[in-house]
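All remarks here apply to the structure that follows.
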Amino acid sequence: ESPDTQFAVIDGFDKSCTQPDSNLLCIGFKEEEGSFLVGAAAALKTKSNTVGFVGGQEGDLIAKFQAGYEAGVKYIADQEGKNVKVLVDYAGNTPEAFRNPAKGKELALKQIGQGADVIYHASGGTGAGVIATAADKKIYAIGVDSDQSLTASPAEQKWILTSMLKRVDNAVQQTIANYIGGSFKGGIQTFGLKEGGIDYAQNEYNKELLGDIPTTLDELKQKIIDGEIKVPTKPA
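Using this note's numbering, read the sequence shown as starting at 138 and increasing by one per residue.
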């Protein structure tokens with residue numbers, strides 16, 4: 138309806154993104170790359186050799202988080218010559234699966250009962266139940282999208298190992314800079330580690346929890362950027 142206006146949408150896709158000279162830029166992220174890093178962190182932190190993944194709605198998007206996480210766990214486990222089990226549960230198959238903290242609590246309790254001592258969630262608001270339960274049971278949680286230590290309660294902060302960061306801020310800033318610089322183009326753009334669109338959280342609350350883990354994660358980050366490690370987008 139507005140061909141002379143240029144649009145950018147975060148985490149959305151429309152077939153007009155693929156049209157020649159489109160005025161719509163569809164921005165996505167390589168969530169699997171950040172999930173690989175936090176999977177590695179989980180494998181380095183676990184003492185029980187069992188870690189968990191709680192997804193929101195089943196589908197291709199959250200499968201990317203699961204795939205990256207499992208690959209990161211396996212990479213470290215293989216390096217250290219140990220077997221780390223990854224428990225996987227989803228909250229549902231409708232959008233409601235992202236808005237159900239009670240379900241998050243239920244799945245976290247289930248995984249803790251099966252021996253998990255680190256749980257990564259990619260489940261939106263449902264993850265509030267995962268984090269609260271992890272803190273209550275004194276096991277580690279890994280947040281998603283934003284640095285969840287910054288919005289957690291003091292009791293929860295002690296148990297959030299890190300978060301997989303989706304750097305929407307960097308993607309938006311770069312897009313605006315391209316627009317101002319006259320190089321804005323419609324189409325599809327995906328931001329990963331290389332483009333500054335993905336990272337893991339380090340802050341005053343988790344510095345002690347992470348210990349020397351960031352040294353390894355930063356090495357892995359560089360290997361992914363260099364193409365030495367290819368992170369899968371679908372679970373094995």
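Heads up, the beta-carbon is just placed ideally off N, CA and C, and yes, glycines get one too.
Residue nearest to residue i in terms of C-alpha spacing, selected from the options
| i | options | result |
| --- | --- | --- |
| Q326 | K152, Y337, D355 and L162 | L162 |
| G229 | V221, K219 and K240 | K240 |
| Q216 | L224, E365 and A180 | A180 |
| L330 | I317, A308, Y316 and F321 | A308 |
| I366 | V267, G209, I249 and G252 | G209 |
Residue i in three-state terms, based on DSSP
| i | result |
| --- | --- |
| Q251 | coil |
| I276 | coil |
| D282 | strand |
| A259 | strand |
| I164 | strand |
| Y342 | coil |
| K333 | According to the sequence shown, residue 333 is Gly rather than Lys. Three-state result, G333: coil. |
Same chain, Cβ closer than 6 Å to residue i, five either side skipped, listed in chain order
| i | result |
| --- | --- |
| Y206 | S172, G176, F190 and Y257 |
Host alpha helix (DSSP H) of residue i (start-end)
| i | result |
| --- | --- |
| K303 | Taken as a continuous stretch (DSSP letters only), K303 belongs to no alpha helix (DSSP H), being part of the beta strand (DSSP E) at I297 to K303. |
Boundaries of the beta strand (DSSP E) in which residue i is found, first to last residue
| i | result |
| --- | --- |
| F144 | F144 to I147 |
| Q326 | G324 to F328 |
| K222 | K222 to G229 |
| I213 | Run containing I213: none in the beta strand (DSSP E); it sits in the alpha helix (DSSP H), D197 to E217. |
| D158 | D158 -> no beta strand (DSSP E), and no H or E assigned at all. |
7 Å CB neighbourhood of residue i in its chain, flanking five on each side removed
| i | result |
| --- | --- |
| V225 | F190 and Q203 |
CB contact check: residue i to chain B, cutoff 9 Å
| i | result |
| --- | --- |
| L302 | Given the protein chain composition of this structure (a single chain), no chain B is represented. |
Would you say the region 190-201 touches the region 347-367, given that touching needs at least three Cβ pairs under 8 Å?
no
Any 3 or more C-beta pairs closer than 8 Å across the region 330-344 and the region 295-313:
yes
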